[in-house]
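Enquirer: I am attaching a structure below and will ask some questions about it afterwards.
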Amino acid sequence: MADSMTAEPRPADVTTRPTGEPLIVLDHVEKHFGELHVLRDVNLTIHRGEVVVVIGPSGSGKSTLCRTINRLETIDSGTISIDGKPLPAEGRELARLRADVGMVFQSFNLFAHRTVLENVTLGQVKAKGVKPAVAKATAMDLLERVGVADQAAKRPAQLSGGQQQRVAIARALAMKPKAMLFDEPTSALDPEMINEVLDVMVGLAQDGMTMVVVTHEMGFARRAAHRVVFMDAGQVVEEAEPETFFTAPRSGRAKDFLSKILTH
Ligand SMILES: Nc1ncnc2c1ncn2[C@@H]1O[C@H](COP(=O)(O)OP(=O)(O)O)[C@@H](O)[C@H]1O
Ligand SMILES: [Mg+2]
3 MADSMTAEPR PADVTTRPTG EPLIVLDHVE KHFGELHVLR DVNLTIHRGE
53 VVVVIGPSGS GKSTLCRTIN RLETIDSGTI SIDGKPLPAE GRELARLRAD
103 VGMVFQSFNL FAHRTVLENV TLGQVKAKGV KPAVAKATAM DLLERVGVAD
153 QAAKRPAQLS GGQQQRVAIA RALAMKPKAM LFDEPTSALD PEMINEVLDV
203 MVGLAQDGMT MVVVTHEMGF ARRAAHRVVF MDAGQVVEEA EPETFFTAPR
253 SGRAKDFLSK ILTH
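When we follow our numbering, the leftmost residue of the sequence shown carries the number 3, and every step to the right adds one.
Right, here's the structure in full:
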């Protein structure tokens, strides 16, 4: 973790780049799991081209937040809209809107019995009707971009964790999403593989991708994020620019959390 915690200079092209109109808007979102109130009046707007890091203690609702944005979980009340369109509860329109948001999980979730190339090709052909030859060309371009083109013919299990996660990023990008959600994308990786994944994500940020990234990697937040959102107990407690949040958190809860993650 030492490497990724060092304060690296922030490239001006990410954090000082102006961001656009609202792309993902959560308005008074509430969510329970039975008795458990997991999202409490969450109001959050992610602008086009913006990179937002979500940070907070385990169990604070970060994954649930990502999953509701993608409608992998329903919400009890409030609204979530993507590019001006409210997310419907189900049906065809939902599938279409869901494809606007790419998701990368902690646990890669690649199709184990398919090759790397097939992993990045199948969704394009099946969900978007892209011709196989075109899908393959797109896939190879993306695998090149994330640095694993030479692994295209292998099965995921033959790759390192860092390589698998980069394939997962390529697979999500192949659907040409308007935004990308990353839920602790480096938490399952051996330390020496964390940076190769973070570097791909920084590259995406520099290219202007709208990103919501759940991570405790402060190096990434400092290099690439416009804004840090701190969650605790289902609430957005505090939002600030990375430098401000890490050096001068306002709330007691954020101070307490930062003191814990900074001391190990
Ligand atoms: N499918 C589920 N059913 C019941 N409780 C859940 C479910 N998913 C998450 N939770 C609970 O909701 C709370 C928030 O979880 P989560 O969003 O995963 O937090 P985080 O990602 O911040 O660690 C936790 O208390 C967790 O145990
Ligand atoms: Mg989580």
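We put the beta carbon where it would ideally sit given N, CA and C, even for glycine.
1) How big is the Cα-Cα spacing for E245 and A256?
2) Counting pairs of beta carbons, one from the region 77 to 85 and one from the region 20 to 34, are three or more of them closer than 8 Å?
3) In angstroms with no decimal places, state the Cα-to-Cα distance between Q126 and G254.
4) Does DSSP put D102 in a helix, a strand or coil?
5) Measure the alpha-carbon distance for D5 versus E219 and round it to whole angstroms.
6) Helix or strand or just coil, what does DSSP make of G80?
7) Applying the 10 Å Cβ sphere with the 16-neighbour rule, what's the burial state of H228?
8) Measuring only from the beta carbon, is K64 closer than 6 Å to any heavy atom that is part of ligand 1?
9) With a threshold of 7 Å on Cβ separation, who are the neighbours of P24 within its own chain once the five nearest residues in sequence on each side are excluded?
10) Once DSSP output is grouped into helix, strand and coil, what is the label at N111?
11) Expressed to the nearest angstrom, what Euclidean distance is found between the alpha-carbon atoms of R147 and M213?
12) Give a single yes or no on whether V40 has its beta carbon closer than 6 Å to a heavy atom of ligand 1.
13) Per DSSP, D234 forms a beta bridge with which residues?
Expert: Working from what's here:
1) As a working note, residue 245 is residue 243 in the sequence shown. As a working note, residue 256 is residue 254 in the sequence shown. The alpha-carbon atoms of E245 and A256 are separated by roughly 14 Å.
2) yes
3) Along the sequence shown, one-based indexing puts residue 126 at 124. Along the sequence shown, one-based indexing puts residue 254 at 252. Taking the straight line from one Cα to the other gives about 46 Å.
4) As a first step, residue 102 must be located in the sequence shown, where it is residue number 100. It is coil, neither helix nor strand.
5) Here residue 5 refers to the residue found at position 3 of the sequence shown. Here residue 219 refers to the residue found at position 217 of the sequence shown. Any reading at D5 needs caution, since the residue's pLDDT is 44, under 50, leaving its predicted position unreliable; the model's value is listed next. Answer to the nearest angstrom: the Cα atoms are 10 Å apart.
6) Residue numbering aside, residue 80 sits at position 78 when the sequence shown is read from its first letter. In this structure, G80 counts as strand in the three-state DSSP scheme.
7) Locating residue 228 in the sequence shown gives position 226, where the first residue counts as 1. Its Cβ being crowded by 16 or more others within 10 Å, H228 is buried.
8) Residue numbering aside, residue 64 sits at position 62 when the sequence shown is read from its first letter. The answer is yes for K64.
9) Position 22 of the sequence shown holds residue 24. Within the same chain, P24 has close Cβ partners T47, H49.
10) Taking the first residue of the sequence shown as 1, we reach residue 111 at position 109. Coil, per DSSP.
11) By 1-based counting over the sequence shown, the position of residue 147 is 145. By 1-based counting over the sequence shown, the position of residue 213 is 211. Cα to Cα, R147 sits roughly 17 Å from M213.
12) Here residue 40 is taken as the residue at index 38 of the sequence shown, counted from 1. It does: the Cβ of V40 is within 6 Å (strictly closer) of some heavy atom of ligand 1.
13) The residue labelled residue 234 in the question sits at position 232 within the sequence shown. Answer by DSSP bridge pairing, in chain order: Q237.
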